[in-house]
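Input: a single structure, listed below in structure tokens.
There are 2 protein chains.
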Amino acid sequence: MKIVLAQLNYHIGNFESNQSKIIESIHKAKAQGADLVVFSELSIAGYPPRDFLEFDDFVARCQIAVYQIAQHCRGIAAIVGAPSLNTGDKGKRLFNTAWLLSEGKISAQVHKTLLPTYDIFDEYRYFEPNTAFNIIEFAGKRIALTICEDLWNVDDIPMYSVNPMDELVPQHPDLIINIAASPFHYNQAKIREEVLRKNALRYQLPIYYVNHVGAQTELLFDGGSLAMNSKGEITHRLQYFEEDTLLIDTDVIAIALKAGSPSKMALIHDALVMGIRNYFFKLGFKKAVLGLSGGIDSALTLVLAVSALGKENVDVILMPSQYSSDHSITDAQDLVNNLGIKSSLIPIQSIYHSFENALQSLFDGLPFSLAEENIQARIRGVLLMAYCNKFGHILLNTSNKSEAAVGYGTLYGDMNGGISVLGDVYKTEVFELARYINQKQLIIPTNTITKPPSAELRPDQKDSDSLPEYAELDAILFAYIEQFKGPEEIIELGFKRETVNRVLKMVNISEHKRYQTPPILRISPKAFGMGRRMPIVAKYLS
Amino acid sequence: MKIVLAQLNYHIGNFESNQSKIIESIHKAKAQGADLVVFSELSIAGYPPRDFLEFDDFVARCQIAVYQIAQHCRGIAAIVGAPSLNTGDKGKRLFNTAWLLSEGKISAQVHKTLLPTYDIFDEYRYFEPNTAFNIIEFAGKRIALTICEDLWNVDDIPMYSVNPMDELVPQHPDLIINIAASPFHYNQAKIREEVLRKNALRYQLPIYYVNHVGAQTELLFDGGSLAMNSKGEITHRLQYFEEDTLLIDTDVIAIALKAGSPSKMALIHDALVMGIRNYFFKLGFKKAVLGLSGGIDSALTLVLAVSALGKENVDVILMPSQYSSDHSITDAQDLVNNLGIKSSLIPIQSIYHSFENALQSLFDGLPFSLAEENIQARIRGVLLMAYCNKFGHILLNTSNKSEAAVGYGTLYGDMNGGISVLGDVYKTEVFELARYINQKQLIIPTNTITKPPSAELRPDQKDSDSLPEYAELDAILFAYIEQFKGPEEIIELGFKRETVNRVLKMVNISEHKRYQTPPILRISPKAFGMGRRMPIVAKYLS
Chain A
508 MKIVLAQLNY HIGNFESNQS KIIESIHKAK AQGADLVVFS ELSIAGYPPR
558 DFLEFDDFVA RCQIAVYQIA QHCRGIAAIV GAPSLNTGDK GKRLFNTAWL
608 LSEGKISAQV HKTLLPTYDI FDEYRYFEPN TAFNIIEFAG KRIALTICED
658 LWNVDDIPMY SVNPMDELVP QHPDLIINIA ASPFHYNQAK IREEVLRKNA
708 LRYQLPIYYV NHVGAQTELL FDGGSLAMNS KGEITHRLQY FEEDTLLIDT
758 DVIAIALKAG SPSKMALIHD ALVMGIRNYF FKLGFKKAVL GLSGGIDSAL
808 TLVLAVSALG KENVDVILMP SQYSSDHSIT DAQDLVNNLG IKSSLIPIQS
858 IYHSFENALQ SLFDGLPFSL AEENIQARIR GVLLMAYCNK FGHILLNTSN
908 KSEAAVGYGT LYGDMNGGIS VLGDVYKTEV FELARYINQK QLIIPTNTIT
958 KPPSAELRPD QKDSDSLPEY AELDAILFAY IEQFKGPEEI IELGFKRETV
1008 NRVLKMVNIS EHKRYQTPPI LRISPKAFGM GRRMPIVAKY LS
Chain B
508 MKIVLAQLNY HIGNFESNQS KIIESIHKAK AQGADLVVFS ELSIAGYPPR
558 DFLEFDDFVA RCQIAVYQIA QHCRGIAAIV GAPSLNTGDK GKRLFNTAWL
608 LSEGKISAQV HKTLLPTYDI FDEYRYFEPN TAFNIIEFAG KRIALTICED
658 LWNVDDIPMY SVNPMDELVP QHPDLIINIA ASPFHYNQAK IREEVLRKNA
708 LRYQLPIYYV NHVGAQTELL FDGGSLAMNS KGEITHRLQY FEEDTLLIDT
758 DVIAIALKAG SPSKMALIHD ALVMGIRNYF FKLGFKKAVL GLSGGIDSAL
808 TLVLAVSALG KENVDVILMP SQYSSDHSIT DAQDLVNNLG IKSSLIPIQS
858 IYHSFENALQ SLFDGLPFSL AEENIQARIR GVLLMAYCNK FGHILLNTSN
908 KSEAAVGYGT LYGDMNGGIS VLGDVYKTEV FELARYINQK QLIIPTNTIT
958 KPPSAELRPD QKDSDSLPEY AELDAILFAY IEQFKGPEEI IELGFKRETV
1008 NRVLKMVNIS EHKRYQTPPI LRISPKAFGM GRRMPIVAKY LS
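Top line first, the protein sequences correspond to chains A and B. To convert a position in the first sequence, counted from 1, into our numbering, add 507. To convert a position in the second sequence, counted from 1, into our numbering, add 507.
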């Protein structure tokens, strides 16, 4: 059988675009002589469609698209993903379904059995699990057709009480097809291959795996679709972070690819660039703006944005205050020159003084405090948003994960933006990523990387006045956020009790701030956003 | 058997407070001669604990609290709610458990079977469903102990394939106890009673129902715990929106209470007041501030805040611009006088001019636009936040649901705040609620209610310049948001195609704004927030 793996970038709810992409790929595959072309999970809707699935209208449009696509499946078959109605007398309204389309009609449907409902996944919110297991026969092959999580129940203590492949194996399949929407994080490609390998070896079957590619707001799908033989060796792999299609003859024995994968920083870099690019394209925007402080976070965000959107599409504003150091402007200006982008300079002292005057009668005699620090950050927020509103730009948020974790940022000030580029990148990783970029070419000024981080909202301020050193802070945060360790476990790692308690308290009393911040491009196994759901008005470790 | 229904207000993660409340109630109940005191679902953790459940430390603290509470159960028994570890060889890590504590130890555990995973609920994210069904024998009674949703599978097309009561009935229970955390919306008390009635009649058993009371950020739990006889008549009911306990002798035949419930506006009023009060108390804050514009939204928010926190704890700032009408100030001042609260006046023209000057070179020659409108709203946001930061207040957001729906508001401006009081109240309901309040005493100035709504950000601006009339807008929004109708269905209700398409588009392109707004006190069956999860970068009806 000649099978095309079609790894495409879908746009949630954009049926016109998704449908025409799919139809175009079907015709291309047919021209290549393929028997079958396989698209990823919920390809027609885009993944995740979230509560659009609650609308009959949305589900009906998915159905119509399936029927229309089926018309193009003559002399070739396709497997597409779309929700289907549960017509039974109980259970949730929908199934998450893989549709086999051939001879101009719907030839078979397979519903998803294992519905991930953890981290960023909410599938049991919408879908009824499948309970009927049948092999698909097509082109002389017996296909075990599965959907993403259906192959993932391989832990020692399995999360689900059924394994779809265990049910299908007695029907003697020749191969496994898995259509997926498996989002990226920096370890995910390895985990994914390991999970597929366990299946290949356990069932002694080859696997043809098609993943979603492209960004859906915070979720970054890295693609990396692949074919694996029954020995668990990868024989074909599609591009990461790009649309890609590949024709494979399942009857030809292919050579195993050599192992080896990009570095963590290379993956994060490419994921963030795709995330920015897709966010703008799918919203129909072209141009970004950000505030350039001379510090490393805004510098790195700018470099990534220029890679994603082109230098002609990224503007910056330098907004020094009376507390800005001399190097802030020169470092920022050096970077602007290195990149050749448009910049504007708006000193904020006079606006700051107008706020001081307006508040004088209320604040009379009270010392300079957080209020005055935040006014400066918020003035910058107002200026950047005015620029966006006037010229149709989107503001890029420049906060990093360490700041977002401990609430070291000003709500409605530097926490503004349409999308947060670095909100899942710890400060120590920000430095690492900056050095990774500078390896190829010295773009980010050395002084930006080497000087001590500062918010520059009061004289001689340093981040280390308020926070532990970032190496220590990030290690504690990682143990708490990514590893779910409690205070005693973190103290056992070798950190001081007082520091640990202070950091965890900072994290937990900042939920109200994170609630109101932009979506964050997700590159780690546990990002702030839809995958981490915390009470706000709570008192735990706080 | 003498049973106490203990309807308490828990604080998520505040084990010290929750535990001491529970222990105090146990001792009181014992002094009253009770055999058993019943607390609500997950009472030890507070509901919903959300991703705190992912932390072993959090779950361990729940267990310790259960053991410590058990020490106090001598000569009396208690039923408390807390997560328990799934020690089986598969499934999710936890159960959602009701614990029977007596004779100083844990006498029985019952796990929840039906795990709501829709709207604001995420229970299958954390819990494994129960599959073992056993009656609890206590004090000569055979108790069918169930947890909230366990009694809710009563629809014609049931969502779940099992009914716990069907499994328990063959064991001949004498009564049903249900411990619940069923959040308020304005129809929920009636729905809840109807669901319980179906169970009472179907199984011919009395029901003792204990609900959670109090606000957990956006979720408002109204209490209304009750006892129902096997004829489906309510014989006892606890207070709405207040902590309450009641001793009931199950062997004494009680008279049915008369039907009748508070009006929708009375319910909404009391729910919002509780929501504000609990939000501040549980965060450890006392004082609120808000911007008073002379319009109805801020006026109503202020009146509710004064009811919740006391007039000495609510300050307002009047911030007129060059576009504010004369009546804005006088209407606002009238309300300030009616309430006897502290107000400050900060005209914003001079700050506005300082922004104009700073942006002059960039905006040179371009016409006044949304950018300038938003600058005004954002200046007010900066001033209010400066007040909060300086004096330790929390800013109350005053946006209503109609505005939040169509994005008629300025992000980082009037969309700021710690909590949104009216974000689930449509504009037409805002008027209704204002009139309800004025029925008792004329507090909100008549002119505030009768004048045409305006944002006053440019000369002679009216909401109706940009939006359909609110009666029409709200009807379309209700059909889309609460009823999940698609465009064709809404047009069939009698609205113009062009208006419907325009409104739905406004809703769907505003997801990025709602993502960054404060949590919204939930009073409707479908509120913006954790119960409505929409993609941002999508293209559906937009």
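Using N, Cα and C, we set each Cβ at its ideal position, and we do this for glycine too. Note that the coordinates shown come from a computational prediction; the quantities given were computed from them, not determined experimentally.
Task: Sub-8 Å separation of Y710/A and S732/A beta-carbons - done: Counting from 1 along the first sequence, the entry for residue 710/A is found at position 203. Counting from 1 along the first sequence, the entry for residue 732/A is found at position 225. Y710/A places its beta carbon 8 Å or farther from that of S732/A.
Open item on the list: Using only CA atoms, which one of L607/A, E750/A, L1000/A lies nearest to T653/A?
Closed with: What you label residue 653/A is simply residue 146 of the first sequence in a count that begins at 1. If you compare the alpha carbons of L607/A, E750/A, L1000/A with that of T653/A, the shortest gap goes to L607/A.
Task: Buried or exposed (CB count within 10 angstroms, at least 16 for buried), G767/B - done: Counting from one through the second sequence, the residue named residue 767/B turns up at place 260. With fewer than 16 other Cβ atoms within 10 Å, it is exposed.
- [ ] Select from the stretch 752 to 786 of chain A all residues with a C-beta closer than 7 Å to any C-beta belonging to chain B, and list them in chain order.
- [x] Within the stretch 752 to 786 of chain A, the qualifying residues are Y786.
Task: Collapsed DSSP secondary structure at T837/A in the structure displayed - done: By 1-based counting over the first sequence, the position of residue 837/A is 330. Here T837/A sits in helix by DSSP.
Open item on the list: Can you tell me whether D564/B is helix, strand or coil according to DSSP?
Closed with: Here residue 564/B corresponds to residue number 57 of the second sequence, with the count starting at 1. Here DSSP, grouped into helix, strand and coil, assigns D564/B to helix.
Open item on the list: List, in chain order, every chain B residue whose beta-carbon is nearer than 8 Å to that of Y1022/A.
Closed with: One-based indexing of the first sequence puts residue 1022/A at position 515. Within chain B, the residues near Y1022/A are P1025, P1026.
TODO: Kindly say whether L877/B, judged by its beta-carbon, lies nearer than 8 Å to any beta-carbon of chain A.
DONE: What you label residue 877/B is simply residue 370 of the second sequence in a count that begins at 1. It does: the Cβ of L877/B has a partner Cβ on chain A nearer than 8 Å.
TODO: Please check the pair L877/B and I775/B, which I expect to be a contact at CB under 8 Å, by giving their CB distance rounded to whole angstroms.
DONE: For the purposes of this step, residue 877/B is taken as the residue at position 370 of the second sequence. For the purposes of this step, residue 775/B is taken as the residue at position 268 of the second sequence. So it is not a contact: roughly 32 Å between Cβ atoms.
Open item on the list: How far does the alpha helix (DSSP H) with Q867/B in it extend, from its first residue to its last?
Closed with: Within the second sequence, numbered from 1, the residue matching residue 867/B stands at position 360. Going by DSSP, Q867/B is part of the alpha helix (DSSP H) stretching over 856 to 870.
TODO: Run down chain A in chain order and give the residues with a C-beta less than 9 Å from the C-beta of D629/B.
DONE: Against the second sequence, residue 629/B aligns to sequence position 122. Identification of chain A residues near D629/B by a Cβ-Cβ cut-off of 9 Å yields T624, D629, R632, R1040, ordered along the chain.
Task: Option in I1030/A, L890/A, N845/A, V720/A with minimal Cα separation from N864/B - done: Looking up residue 864/B in the second sequence gives position 357. Of the candidates I1030/A, L890/A, N845/A, V720/A, the one whose C-alpha sits nearest the C-alpha of N864/B is L890/A.
TODO: Taking C-beta pairs closer than 7 Å, name the residues in chain B that Q695/A reaches, listed in chain order.
DONE: Along the first sequence, one-based indexing puts residue 695/A at 188. Ordered by position in chain B, no residue passes the 7 Å Cβ test against Q695/A, which lies about 19 Å from the chain.
- [ ] Flag this pair as touching only if the stretch 910 to 921 of chain B and the stretch 949 to 957 of chain B have three or more C-beta atom pairs under 8 Å; answer yes or no.
- [x] Contact between the stretch 910 to 921 of chain B and the stretch 949 to 957 of chain B is absent: fewer than 3 CB-CB pairs across the two stretches fall below 8 Å.
Task: Integer-rounded CB distance, given that F728/B should sit under 8 Å from P690/B - done: Taking the second sequence and counting its residues from 1, the one referred to as residue 690/B is at position 183. Taking the second sequence and counting its residues from 1, the one referred to as residue 728/B is at position 221. Going by Cβ atoms, the distance from P690/B to F728/B rounds to 5 Å, so yes, they are a contact pair.
Open item on the list: Please confirm whether G916/B has its beta-carbon closer than 8 Å to some beta-carbon of chain A.
Closed with: Reading the second sequence from its first residue, position 409 is the one you call residue 916/B. Contact of G916/B with chain A is not assigned, every C-beta pair being separated by 8 Å or more.
Task: In chain order, each beta strand (DSSP E) run of at least 3 residues that lies wholly inside the stretch 620 to 653 of chain A - done: Restricting attention to beta strand (DSSP E) runs no shorter than 3 residues, the stretch 620 to 653 of chain A encloses them at 643 to 645, ordered along the chain.
Task: Which listed residue (R744/B, N670/B, A962/B) has its alpha carbon closest to that of D804/B - done: Counting from 1 along the second sequence, the entry for residue 804/B is found at position 297. Of the listed residues, the one whose Cα sits closest to D804/B is A962/B.
Task: Inter-residue spacing [alpha-carbon to alpha-carbon] between S971/A and V796/A - done: Residue numbering aside, residue 971/A sits at position 464 when the first sequence is read from its first letter. Residue numbering aside, residue 796/A sits at position 289 when the first sequence is read from its first letter. For S971/A and V796/A, the distance between alpha carbons rounds to 28 Å.
- [ ] Spell out the partners DSSP gives I714/A in its beta bridges.
- [x] The residue labelled residue 714/A in the question sits at position 207 within the first sequence. The secondary-structure analysis by DSSP pairs I714/A across a beta bridge with I683/A, M735/A.
Open item on the list: In the DSSP output, which residue or residues are listed as bridge partners for Y1047/A?
Closed with: For the purposes of this step, residue 1047/A is taken as the residue at position 540 of the first sequence. Assignment of beta-bridge partners to Y1047/A by DSSP yields no partner.
Open item on the list: I want to verify the contact list: residues of chain A whose CB lies under 8 Å from the CB of F862/B, in sequence order.
Closed with: Here residue 862/B is taken as the residue at index 355 of the second sequence, counted from 1. Within chain A, the residues placing a beta-carbon under 8 Å from that of F862/B are I858, V889, L890, A893, ordered along the chain.
Open item on the list: So, at 6 Å on beta carbons, what are the nonlocal neighbours of I848/B in its own chain, with the 5 sequence-adjacent residues on each side left out?
Closed with: The residue labelled residue 848/B in the question sits at position 341 within the second sequence. Answer for I848/B: K818, V821, listed in chain order.
Open item on the list: Would V1044/A pass as an interface residue toward chain B - the criterion being a Cβ-Cβ separation below 8 Å?
Closed with: Locating residue 1044/A in the first sequence gives position 537, counting from the first residue. Between V1044/A and chain B, the shortest Cβ-Cβ separation is below 8 Å.
Task: Under 8 Å by beta carbon: chain B residues contacting G721/A - done: For the purposes of this step, residue 721/A is identified with residue 214 of the first sequence, where counting begins at 1. What G721/A touches in chain B: nothing, since even the nearest Cβ is about 10 Å away.
Open item on the list: Using a 10 Å radius around the Cβ and a threshold of 16 neighbouring Cβ atoms, would you call A708/B buried or exposed?
Closed with: Working through the second sequence from its first residue, we reach residue 708/B at position 201. What sits at residue 708/B in the sequence shown is Leu, not Ala. Exposed.
TODO: Please list the residues of the stretch 985 to 1002 of chain A that have a C-beta atom closer than 9 Å to any C-beta atom in chain B, keeping them in chain order.
DONE: Within the stretch 985 to 1002 of chain A, the qualifying residues are Y987, F991, K992, G993, P994, E995, E996.
Open item on the list: So with CB distances below 9 Å, who are the chain B contacts of D729/A?
Closed with: Residue 729/A sits at position 222 when you count from the first residue of the first sequence. Correct list: empty, because the minimum Cβ distance to chain B is about 17 Å.
TODO: Check whether the Cβ of G520/A lies closer than 8 Å to any Cβ atom in chain B.
DONE: The count along the first sequence starts at 1 and reaches residue 520/A at position 13. Cβ-Cβ to chain B under 8 Å: yes for G520/A.
TODO: Would you grab the beta carbon distance between L658/B and L592/B for me? Rounded to a whole angstrom, and I think it's under 8 Å.
DONE: Along the second sequence, one-based indexing puts residue 658/B at 151. Along the second sequence, one-based indexing puts residue 592/B at 85. So it is not a contact: roughly 25 Å between Cβ atoms.
Task: Pick from P874/B, I853/B, S1017/B that is closest to Q867/A, judged by C-alpha positions - done: As a working mapping, residue 867/A is identified with position 360 in the first sequence. Answer by Cα proximity: I853/B.
- [ ] Could you name the residues of the stretch 664 to 678 of chain B whose beta carbon sits closer than 9 Å to any beta carbon of chain A, in the order they occur along the chain?
- [x] Result list: I664, P665, M666, Y667, S668.
Task: Interface residues of chain A facing Y919/B [CB-CB closer than 7 Å] - done: Along the second sequence, one-based indexing puts residue 919/B at 412. Close partners of Y919/B in chain A (Cβ separation under 7 Å): G888, M892, Y919, N923.
TODO: For S857/B, count neighbouring Cβ atoms within 10 angstroms of its own Cβ and tell me buried if that reaches 16, exposed if not.
DONE: Your numbering for residue 857/B matches position 350 in the second sequence. Its Cβ having fewer than 16 others within 10 Å, S857/B is exposed.
Open item on the list: Does P690/B come out as helix, strand or coil in the three-state DSSP assignment?
Closed with: Counting from 1 along the second sequence, the entry for residue 690/B is found at position 183. Assignment of P690/B by DSSP, reduced to helix, strand and coil, places it in the strand class.
Task: Beta carbon proximity, Y830/A to chain B, threshold 8 Å - done: Here residue 830/A refers to the residue found at position 323 of the first sequence. Not flagged as an interface residue toward chain B: Y830/A, since no C-beta distance is shorter than 8 Å.
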